[in-house]
Structure formats: structure tokens, C-alpha cells
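Taking it in order: structure first as C-alpha cells, then the write-up.
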Amino acid sequence: MSSIEKNVSIIIPCYNCATYIKETLDSLAKQTYKDFEVICINDGSTDDTLQILESYAAYSNLDIKIITQKNGGVSKARNCGIEVANGKYISFLDSDDIYHVEFLERMIIPIEQQNVDVTYCRLTRDLNEIFSSFSSKNACYIQKQKSAMDKLLFEMGTYGFYCYIYNRKVLLDFNLRFNESMKYFEDREFNWKYLCHCKKYVWIDLPLYGYRNNLNSAIKQKTSWERSVNSLNGVKRIEEYMKNTNCAYLDTLKEYLYQRVMWGVAKNIALSKDIMLFEKLKNEFDVNSCMKRTAKDSNKLVALASILYLIHPMLFYYVIQFKK
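Residue numbers for the sequence shown follow the working numbering, so the first one is 2 and each next one is one higher.
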């Protein structure tokens with residue numbers, strides 16, 4: 002492990018990820034851009050994760066730091082990574098996901114050449130795309146704040162917080178960290194708060210981040226009331242942060258994000274087939290008002306399901322389960 006400072010720090014929270022972590026690290030070893038360090042936070046794993054990390058670090062040319070802590074959750078692990086990172090830029094990679102071989106090259110070169118605050122790309126759930134060649138395609142577009150935030154807001158399934166390269170100085174200057182009390186939506190909250198401090202963006206219109214649909218992932222855990230409320234409260238904190246930082250995008254976000262997240266919460270509860278939780282959501286929140294907004298969504302399936310809810314909530318409940 003080298004002590005030389007790298008330009009990029011890649012932070013990977015690792016918890017019981019023995020099945021996929023080698024493939025994740027392999028995607029870093031193959032990067033065409035080499036000026037980076039890898040920070041693996043072993044978050045109290047009980048499988049062979051630590052042994053695999055240590056073996057990989059011993060025999061790989063990657064600059065790998067391994068930090069072991071008691072299990073504290075993904076937010077605590079990412080915050081730990083931020084504290085020990087020495088790169089000018091920071092990116093986040095989940096332990097079961099992979100980068101395209103050109104991920105760092107495509108993302109870092111524009112952020113330095115164009116003097117922008119942030120770069121971001123698309124994600125793909127089709128990992129075959131990650132092994133495709135994009136060398137001949139020019140897909141770099143300079144954007145202002147509204148265009149970039151529109152993509153994050155209205156194309157939620159295409160962009161995640163891990164699709165972005167973050168400037169470590171911005172994280173430190175504005176004390177931006179992941180909310181360790183949150184078990185869900187903490188990544189979206191972090192992402193939106195960071196973007197409040199960016200004026201100039203570069204969008205890489207390529208699927209450079211490979212997102213694995215891992216059924217064992219924490220994100221796939223059974224829907225709970227805590228998870229549902231976490232999401233809705235997270236949106237309110239984003240709105241408050243935007244207000245306090247005088248972000249010009251606040252009004253647009255308030256017109257859509259809370260309502261769309263409410264739709265997602267209702268959908269997840271319906272999929273869990275928890276009728277009592279579904280009734281609790283209906284009784285404690287103004288779901289109807291949110292559905293009136295999402296009934297106009299550009300996504301026709303979202304709009305149709307919203308209309309069904311407005312006709313009768315149980316239509317939404319059963320159709321969501323049927324259509325999945």
C-alpha cells in the first residue's frame with residue numbers, strides 16, 4: 002500500500018460481501034485511469050469478506066486501505082471513508098456493484114479540464130453494458146444546476162448518488178456527511194445537499210456504473226414503517242437545506258420529490274402485502290394530495306397507478322402486487 006496521495010479516493014462499505022467483492026475490486030484494477038486509492042470499510046462482517054480484502058490487497062497493484070469497525074451501518078462506514086480519504090475527489094462504490102473500465106477516466110478528466118463542480122453518469126442494471134466499449138462516443142455535456150437537478154429529480158431510476166464524483170473540499174467545507182440515524186434515503190439526502198453547492202456540472206451520457214440487483218442487499222429488506230418515514234422525513238430535510246442555502250431549485254423540488262417518494266412508499270408497502278401498514282400510511286399522511294400530483298407523472302404506469310389510488314386505495318394496493 003502506497004503512502005503517496007492519490008487524486009481520487011474510492012470508498013467501499015463492506016458488510017458480508019464475500020460473494021461479490023472480488024469482482025468489484027477487479028473492476029477497479031482494470032480502470033484505464035490509475036491515480037486513485039481504494040478505501041474498504043469492513044463493517045463488522047461475519048463471513049470471509051475481511052480475508053478476501055486482505056488477500057486482494059496483498060497481491061494486487063491497487064492502493065487499498067482496509068479499515069475494520071464494529072457493524073454500524075453503511076452511513077457510518079462511508080463517513081469513516083471520507084475522514085481517512087486523501088484524494089482531491091471522492092467516489093462511492095457499493096461492494097456488489099462494478100465500474101465500467103473507463104468510469105474514472107470519463108468522470109475525472111472533464112471535472113479538471115472544464116473546471117466544473119461535479120461530474121455524473123448513468124447507471125445500468127444490465128451488467129453486460131458495463132463490459133461494452135464506448136471509446137469512440139463523445140458523451141460529455143456541460144450543464145447548469147437546473148438541467149442537472151432535473152435529471153436527478155425526474156429520472157430517479159437512472160441516477161444514484163454513486164453515479165457522481167464529489168470534491169472532497171466541498172464535503173469538508175460544508176460538513177457534508179451521511180446521516181447515520183437513517184437506514185434509508187440517506188444517500189439521496191447526501192446527494193441533494195451536495196448539489197446545492199454546485200453551479201457547473203458535466204453529464205456523461207453513458208451507463209458507467211453497474212448496479213447489481215442483489216436480493217440480499219439491505220435495500221431489499223422488508224418494508225417497515227421506519228423505512229417509510231425515513232424517506233419522507235429525508236425529503237423534508239432536503240427542502241429545509243435548500244431553503245437555508247438559497248438554492249434556486251427549491252420550488253421545483255417541492256412540487257415533485259415528496260409526492261413521488263410518497264408514491265414509492267405506497268408502492269413498496271403494497272408489494273410487501275402488509276395491509277395494516279398500508280392503512281396506517283393512508284391514515285397518518287395525506288397520500289391523496291400526493292397521488293393527485295403523481296397522476297400527472299410522465300411515467301404512464303406511475304400515473305395510472307396514482308389514478309387507481311384516487312378511485313380507491315385498494316385498487317392501487319392490489320394492482321401494484323399484480324403488476325410488480
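Heads up, the beta-carbon is just placed ideally off N, CA and C, and yes, glycines get one too.
- In this structure, the straight-line span from the alpha carbon of residue 90 to that of residue 191 is close to 16 Å.
- Counting along the chain, the unbroken beta strand (DSSP E) around residue 43 starts and ends at 37 to 44.
- Per DSSP, the continuous beta strand (DSSP E) segment holding residue 206 begins and ends at 201 to 211.
- Only residues of its own chain outside the window of five on either side were considered, and among them 197 have a CB closer than 7 Å to the CB of residue 248, listed in chain order.
- In the DSSP assignment, residue 92 is bridged to 11.
- Non-local C-beta neighbours of residue 311 in its own chain, meaning closer than 8 Å and more than five positions away in sequence, comprise 289, 292, 293, 296, ordered along the chain.
- For residue 291, there is no enclosing beta strand (DSSP E); the residue is found in the alpha helix (DSSP H) stretching over 288 to 295.
- Under the three-state reduction of DSSP, residue 121 is assigned to strand.
- Annotated as proximal: residue 48 and residue 17, with beta-carbon spacing under 9 Å.
- Annotation: the continuous alpha helix (DSSP H) that includes residue 50 extends over 50 to 60.
- The beta-carbon distance between residue 96 and residue 21, rounded to whole angstroms, is 6 Å. This is short enough to meet the 8 Å contact definition.
- The beta carbon of residue 131 is closer than 6 Å to those of 99, 101, 211 in its chain, skipping five residues each way along the sequence.
- Counting only residues of its own chain and dropping the five nearest sequence neighbours on each side, residue 105 has a CB closer than 7 Å to the CB of 9, 32, 34, 37.
- Residue 129: member of the alpha helix (DSSP H) spanning 128 to 131, first to last residue.
- Within the DSSP secondary-structure output, residue 141 pairs in a beta bridge with 205.
- The three-state secondary structure of residue 69, taken from DSSP, is strand.
- For the region 163 to 190, the continuous beta strand (DSSP E) assignments of 3+ residues that do not extend past its boundaries occur at 165 to 168, in sequence order.
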